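Data block below; observations after.
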Amino acid sequence: MNRFYEKTSTSPVNIAVIKYWGKRDTTLILPTNSSLSVTLSQEHLQSKTTIRASPDFKKTRLWLNGIEEIDIDNNKRLQNCLRETRNLRKEYENKLSKEGVKTVIPLSEFNVHICSENNFPTAAGLASSASGFACLTYTLAQLYELPVSTTELSKIARQGSGSACRSLFGGFVAWELGSQNDGSDSQAIQIAPKDHWPELEALICIVSDAKKGISSTEGMQNTVATSPLLQHRIEKVVPERMKSITEAILNRDFQKFAEITMRDSNQFHAVCLDTYPPIFYLNDVSRAIIRVITEYNSSNEFKKLKAAYTFDAGPNAVIYTLRENIPEIINIIAKYFPGNVENDKDYFSDPDQLFAGNRFGENPLPQGFNSQIIPIFPPGSVKQILNTRIGDGPQTLNGEKDGMLNEEGLPK
Ligand code: DP6
1 MNRFYEKTST SPVNIAVIKY WGKRDTTLIL PTNSSLSVTL SQEHLQSKTT IRASPDFKKT
61 RLWLNGIEEI DIDNNKRLQN CLRETRNLRK EYENKLSKEG VKTVIPLSEF NVHICSENNF
121 PTAAGLASSA SGFACLTYTL AQLYELPVST TELSKIARQG SGSACRSLFG GFVAWELGSQ
181 NDGSDSQAIQ IAPKDHWPEL EALICIVSDA KKGISSTEGM QNTVATSPLL QHRIEKVVPE
241 RMKSITEAIL NRDFQKFAEI TMRDSNQFHA VCLDTYPPIF YLNDVSRAII RVITEYNSSN
301 EFKKLKAAYT FDAGPNAVIY TLRENIPEII NIIAKYFPGN VENDKDYFSD PDQLFAGNRF
361 GENPLPQGFN SQIIPIFPPG SVKQILNTRI GDGPQTLNGE KDGMLNEEGL PK
């Protein structure tokens with residue numbers, strides 16, 4: 001008999017346009033409002049996870065980016081995902097046995113070894129918990145051959161990290177707040193697949209940040225406890241925006257999509273400021289990017305919104321725009337926030353070399369753009385500009401070739 005069972009898969013990062021901020025239940029991870037995100041291509045940003053189950057493993061172990069996490073019994077979020085998927089596996093094994101299947105393997109009783117890696121540096125300050133917990137949940141479901149839908153799985157990933165539930169789908173994804181106390185209706189659904197709006201792309205501006213801010217998990221509960229503005233956001237603003245942005249996405253209406261995206265990022269940072277004591281995630285560079293994008297949107301002939309910024313719990317900017325505007329926006333960002341000359345090759349990542357040969361930062365600004373809007377920042381204020389597209393949900397890889405564990409079940 002085979003002594004071990006193994007699966008490897010990858011999962012994407014998602015960036016919300018309607019932000020999740022606040023929990024009504026911190027154990028089950030139930031949010032105070034619905035949220036909506038765009039899943040980004042795994043070409044640049046992804047988590048990869050191998051999980052092996054074996055009757056020979058003495059205990060369950062976890063390696064994150066090559067380093068073993070020692071105290072996993074106290075990692076409640078990991079334990080939530082393991083417990084929930086094992087319970088489903090157990091039910092499935094019982095069902096198969098009842099049906100008379102003789103060769104049911106009791107995977108639910110085996111310990112597992114989990115090896116997980118991100119293809120992007122955690123130090124870049126890009127959220128890795130969403131792709132990480134989505135990948136953990138998805139890979140466990142594959143290993144256990146769980147006969148459940150992706151939406152069903154999203155309720156498990158949610159208990160690892162709220163935003164992880166949205167990374168189980170590609171394209172445009174809503175996390176429905178739900179009303180049940182047990183979380184049975186707080187789940188992710190796909191609004192539209194990635195091919196629905198292929199012209200929509202993202203530019204991620206990695207902004208230098210010396211000090212680490214307060215974590216999302218802690219920050220959002222301080223907001224729940226102290227911000228009166230959050231109540232207005234929960235009751236009035238988000239329900240309306242969820243409807244309008246869903247419509248905007250379905251109609252590929254960039255004007256509406258961009259306005260709601262920027263307003264919601266602004267309001268999220270406003271409730272952070274309304275928290276007592278206040279929380280600041282944006283820095284001077286982030287605010288300068290907001291001014292540049294605002295000028296870009298208002299200085300063109302028809303005052304058409306051509307780009308939308310959004311910021312999570314950190315200073316990095318994500319700019320959503322249509323593909324045709326990408327060279328113009330990169331030129332503007334590179335002009336005001338030049339790269340560090342020494343490691344210039346890292347400054348700009350272009351997935352398909354489409355814009356190769358373009359001297360970004362040296363081309364003229366668009367007509368009507370007020371060049372005095374902000375000063376030119378010191379080199380390295382933006383460390384990297386990453387151009388990426390909308391992407392698919394988790395992918396299963398070809399077991400042996402892609403597996404990250406060796407014969408003994410240790411990282412290769
Ligand atoms: C600002 O999902 O990281 O990125 O549920 O405590 O793990 P936990 O929080 P997390 O919060 C993400 C907050 C956000 C907005 C968003 O992604 O919707």
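Each step along the sequence shown adds one to the number in the UniProt record's numbering, with nothing skipped, and position 9 is 9. Every residue, glycine too, gets a C-beta built ideally from N, C-alpha and C. Values in this document were obtained by computation on a predicted structure and should not be read as measured data.
Which listed residue (the options) has its alpha carbon closest to that of residue i
i           : options                   : result
W63         : V101, L136 and V104       : L136
D25         : T139, I279, L282 and G178 : G178
L203        : H269, V382 and E407       : V382
R291        : S371, N87 and T10         : S371
T294        : N87, L305, P193 and A225  : L305
residue 413 : T8, K155 and N118         : Residue 413 is absent from the structure shown; the chain starts at 1 and stops at 412.
D209        : V285, I333 and G170       : V285
R252        : L200, M242, I279 and E240 : L200
S298        : G314, Y336, A313 and A258 : A258
Y144        : G339, F377 and V104       : V104
G219        : Y281, G171 and A164       : Y281
K243        : S34, Y20 and I29          : S34
N398        : S215, V13 and K48         : K48
P277        : R241, I249, T261 and T223 : T223
I206        : H232, I67 and G339        : G339
V38         : V238, I330 and P198       : P198
A134        : L168, N331, I29 and P106  : L168
residue 421 : Q221, R89 and K303        : With the chain running from 1 to 412 in the structure shown, residue 421 is simply not present.
P228        : C272, Q255, G213 and E408 : C272
residue 414 : Y5, T27, L82 and Q231     : Summary: the structure shown does not reach residue 414, with the chain confined to residues 1 through 412, and so no result is reported for it.
P364        : P378, I385 and P327       : P327
DSSP bridge partner residues for residue i (one or two, in chain order)
i    : result
Y5   : A53
T321 : E201 and A307
E176 : Q187
Q395 : T10
A192 : F172
L386 : I204 and S349
L405 : P411
beta-carbon residue i near ligand 1 non-hydrogen atom, thresh 7 Å
i           : result
D312        : yes
I29         : yes
residue 465 : Lying outside 1 to 412, the shown extent of the chain, residue 465 is not represented and no answer is given.
K212        : no
A308        : no
Y20         : yes
T217        : yes
S34         : no
A154        : According to the sequence provided, residue 154 is Ser. The question's Ala does not apply to it. No.
S186        : no
S47         : no
S129        : yes
A16         : yes
Supposed close pair residue i, residue j - CB separation, criterion 8 Å
i    : j    : result
Y296 : F369 : 7 Å
I189 : E176 : 6 Å
L40  : G391 : 5 Å
A288 : I156 : Between I156 and A288 the Cβ distance is about 40 Å, and since that is not below 8 Å, they are no contact.
C115 : T50  : 5 Å
A334 : I319 : Rounded, the Cβ-Cβ distance is 13 Å, inconsistent with contact.
P31  : S186 : 7 Å
Q267 : S131 : About 25 Å separates the two Cβ atoms, so there is no contact after all.
S349 : N316 : Wrong, their Cβ atoms sit about 14 Å apart, outside the cutoff.
K95  : D264 : Their Cβ separation, rounded to whole angstroms, is 43 Å, which puts K95 and D264 out of contact at 8 Å.
Y336 : I376 : 6 Å
H113 : L405 : 6 Å
I29  : K23  : 6 Å
N111 : N65  : Wrong, their Cβ atoms sit about 21 Å apart, outside the cutoff.
R52  : S161 : Rounded, the Cβ-Cβ distance is 23 Å, inconsistent with contact.
T226 : T261 : 26 Å between Cβ atoms; not a contact.
**Request:** May I have a chain-ordered list of the beta strand (DSSP E) segments no shorter than 3 residues that lie completely inside the region 10-76?
**Result:** 14-18, 23-25, 35-39, 46-54, 61-64 and 67-69
**Request:** Tell me the start and end of each unbroken alpha helix (DSSP H) in the region 267-317 that is at least 4 residues and wholly inside, in chain order.
**Result:** 284-299
**Request:** List in chain order: all unbroken alpha helix (DSSP H) runs of 4+ residues lying wholly within the region 84-143.
**Result:** 129-143
**Request:** Please list the segments of the alpha helix (DSSP H) lying wholly inside the region 214-245, counting only runs of 4 or more residues, in order along the chain.
**Result:** 216-226 and 228-232
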